[in-house]
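J.:
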Amino acid sequence: MPVTDQAFVTLCTNDIYSQGALVLGKSLRNHETSRKLVVMITSQVSGRMRAVLGKVFDEVLEVDILDSADLVRLSLLKRPELGVTFTKIQCWTLTQYTKCVYMDADTIPLRNIDELFDREEFSAAPDSGWPDCFNSGVFVFRPSLDTFRRLLQYAEDNGSFDGGDQGLLNSFFSNWATADISKHLPFIYNLSISSVYTYIPAFKQFGSEAKVVHFIGTPKPWNCKYNPQSKWVVEEEALNGEQHQLFLVHWWETYISDILPLLTEQEEFDGTDKHQFGRIELQMKSENPSSDCSKEAQPDNPGHSVSSAHLSKSVSELSIQEAEEALKMEEERRKWEEGHIDYMGKYSFDNIQKKLDRFLQ
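Terminal number for the sequence shown in UniProt numbering: 361, no gaps in between.
Here's what the structure looks like:
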């Protein structure tokens, strides 16, 4: 039976992280969760990517700090270094739900994890780097405007010892380590890839029970290149261990089978090996340079999308990156915010006048 007053929640701040959120959401669906799925986004997520997110998540909610309550804006002015943290803790404002499980966009569930909703706030798994602290990539919480306000006030007064949400939340829920052992989630609910290499025997003993994998640090799955034919992930820096490779391949297989078709419904192939979806660019390299992979991928039926079977036969490398135009726009926006405006070039009076004239014609 669907449970409509509880939800899995995640956050993506741009189109690149949206790829992780999509794989997370679709994996929860594939494992037949009975809870609602909510993704919080910022203004940097493009309209086209929002449309794709809407096909996987029940709610796509923009939580831009600049449009938030005065209390949030004032807190941000005093602690500008905590911008993303202030965005993430807005999950406590989702008071249409009685209980939620937050999951970072770089996590992926390997099986149904609805039993997490049997836990209480604030339940989380130990951090592999300092087990007396919890890792904030997966946690159980109860939305509450009062808790949200107290978190904001605490952040404003004390900041965060690690500069992010994990330091803030560990300080705020400071009795987690000693107060109630039932709020300590088993490590299998937040298996850090980086920890696998430090204790291989434990992974061999308990790794098969893992329920959630967390791609902490680098590389993120979407920063890697994937070969659908060999089912092998390639990264500029050497990957540590076959376990990392195994989980990265699982992420990419989910992406190809469940997410890529949704993206290709939004965009038509343009006859090149680069395809832009919102502010991301998907590159497909063919094993045989003389064959045009993208033309083969263009289906006769416009309602039909790229199949994973085609990719496994014809594409030797897939990679995701931020589209060049999007990077330029972000750079221009940053310069505007810093007051470095190109008044002699792109934003000169003559160029602005020409744009106005074209618009008014």
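Virtual Cβ for every residue (Gly too), placed ideally from N, Cα, C.
Taking Asp118 as the reference, which of Ala202, Gln6, Thr147 and Ile89 has the closest Cα?
T.: The residue with the shortest Cα to Cα distance from Asp118 is Gln6.
J.: By Cβ distance below 7 Å, which residues in the same chain neighbour Ala210 in space, the five residues on each side in sequence not counted?
T.: Taken in chain order, the residues that qualify are Leu110, Ile188 and Leu191.
J.: At the level of alpha carbons, what is the spacing between Tyr17 and Leu282?
T.: For Tyr17 and Leu282, the distance between alpha carbons rounds to 14 Å.
J.: Just to confirm the assignment: which complete beta strand (DSSP E) runs, minimum length 3, are found wholly within the region 124-182?
T.: With a minimum length of 3 residues, the continuous beta strand (DSSP E) runs that stay inside the region 124-182 are 134-141.
J.: Can you list, in chain order, the residues of its chain with a C-beta nearer than 8 Å to that of Ile41? Leave out the 5 residues immediately preceding and following it.
T.: Excluding sequence neighbours, Ile41 sits near Leu11, Cys12, Thr13, Ser18, Arg50, Leu53, Val60, Leu61, Glu62 and Val63.
J.: Exposed or buried, Pro143, counting other C-beta atoms within 10 Å across all chains shown (16 or more means buried)?
T.: It counts as buried.
J.: Would Phe247 and Lys183 be called neighbours here (beta carbons separated by less than 8 Å)?
T.: No, the Cβ-Cβ distance between Phe247 and Lys183 is not below 8 Å.
J.: Please determine, among Cys91, Phe349, Glu156 and Glu235, the residue with the shortest C-alpha to C-alpha distance to Arg79.
T.: Looking at the Cα atoms, Glu156 is the closest of the given residues.
J.: Compare the beta carbon distance of Arg48 and Phe215 with 8 Å and say whether it is the shorter of the two.
T.: Not a contact, by the Cβ cut-off of 8 Å.
J.: To which residues of the same chain is Cys133 closer than 7 Å at the C-beta, ignoring the five residues directly before and after it?
T.: Around Cys133: Asp127 and Asn170.
J.: Round the Cβ separation of Leu22 and Ile259 to the nearest angstrom and send it over; I've been treating them as touching at under 8 Å.
T.: Correct: roughly 5 Å between the Cβ atoms.
J.: Buried or exposed: Gly129, going by 16 or more other Cβ atoms within 10 Å of its Cβ?
T.: Exposed, by the Cβ-count rule.
J.: So what does DSSP say about His250, is it helix, strand or coil?
T.: Looking at His250 - three-state DSSP - the assignment turns out to be helix.
J.: Give me whichever residues DSSP pairs with Met1 in a beta bridge.
T.: BP columns for Met1 are empty, so no partner.
J.: On a Cα-Cα basis, can you pick out the residue from Phe8, Gln321, Glu265 and Asp15 that is closest to Gln44?
T.: Per the Cα distances, Asp15.
J.: Could you give the DSSP three-state label for residue 364: helix, strand or coil?
T.: Residue 364 is absent from the model: the chain starts at 1 and stops at 361.
J.: Determine the direct distance from the alpha carbon of Leu168 to that of Pro299, and round the result to whole angstroms.
T.: For Pro299, the predicted structure reports a pLDDT of 38, less than 50, and the residue's modelled location is therefore unreliable. The matter cannot be settled from this model.
J.: Is the beta carbon of Val233 sitting closer than 8 Å to the one on Val249?
T.: For Val233 and Val249, yes; Cβs fall inside 8 Å.
J.: Would the beta-carbon of Val56 fall within 8 Å of that of Arg29?
T.: Contact: yes.
J.: Indicate the three-state DSSP secondary structure (helix, strand or coil) for Lys285 in the structure shown.
T.: Strand, per DSSP.
J.: Between His275 and Ile193, is the Cβ-Cβ spacing less than 8 Å?
T.: Not a contact, by the Cβ cut-off of 8 Å.
J.: Quick check on Gln90: buried or exposed, where buried means 16 or more other Cβ atoms within 10 Å of its Cβ?
T.: Gln90 comes out buried.
J.: Under 8 Å, do Phe141 and Cys100 count as touching if we go by C-beta distance?
T.: Cβ atoms of Phe141 and Cys100: closer than 8 Å.
J.: On the premise that Asp104 lies in contact with Gly137, defined as a C-beta separation below 8 Å, what is that separation, rounded to the nearest angstrom?
T.: Contact holds; Cβ gap of about 4 Å.
J.: Report the three-state DSSP secondary structure of Gln96 (helix, strand or coil).
T.: Of the three classes helix, strand and coil, the one that applies to Gln96 here is coil, per DSSP.
J.: Tell me, to the nearest whole angstrom, how far the beta carbon of Asp165 is from that of Arg35; I am working on the premise that it is less than 8 Å.
T.: Not really, about 22 Å apart at Cβ, beyond 8 Å.
J.: Could you give the distance in angstroms between the alpha-carbon of Tyr199 and the alpha-carbon of Ser174?
T.: If I take the Cα positions, the gap works out to 27 Å.
J.: Using DSSP bridges, identify the partner residues of Phe277.
T.: Phe277 pairs with Ile280.
J.: Whole angstroms are fine: how far does the CA of Trp251 sit from the CA of Pro221?
T.: Cα to Cα, the separation comes out at about 7 Å.
J.: From Ile108 to Phe86, what does the alpha carbon distance come to, in whole angstroms?
T.: About 24 Å.
J.: Report the rounded CA-to-CA distance for residue 375 versus Tyr154, giving the unit in angstroms.
T.: A query on residue 375 cannot be resolved here, the shown segment of the chain reaching from 1 to 361 and no further.
J.: Could you work out which residue in Ile352, Leu37 and Asn112 is closest to Val213 when comparing CA atoms only?
T.: It is Asn112.
J.: Note down the Cα distance separating Gly25 from Pro261, rounded to an integer number of angstroms.
T.: C-alpha separation (whole angstroms): 15 Å.
J.: Which of helix, strand or coil does DSSP assign to Phe8?
T.: Correct three-state label for Phe8: strand.
J.: Is Leu152 close to chain B, meaning its C-beta is less than 8 Å from at least one C-beta of that chain?
T.: No chain B is present in this structure, which holds just one protein chain.
J.: Could you say which of Ala124, Thr33, Leu37 and Phe148 lies nearest to Tyr88 if we only look at CA atoms?
T.: Note that residue 88 is Lys in the sequence shown here, rather than Tyr. When each option's Cα is compared against that of Lys88, the closest is Phe148.
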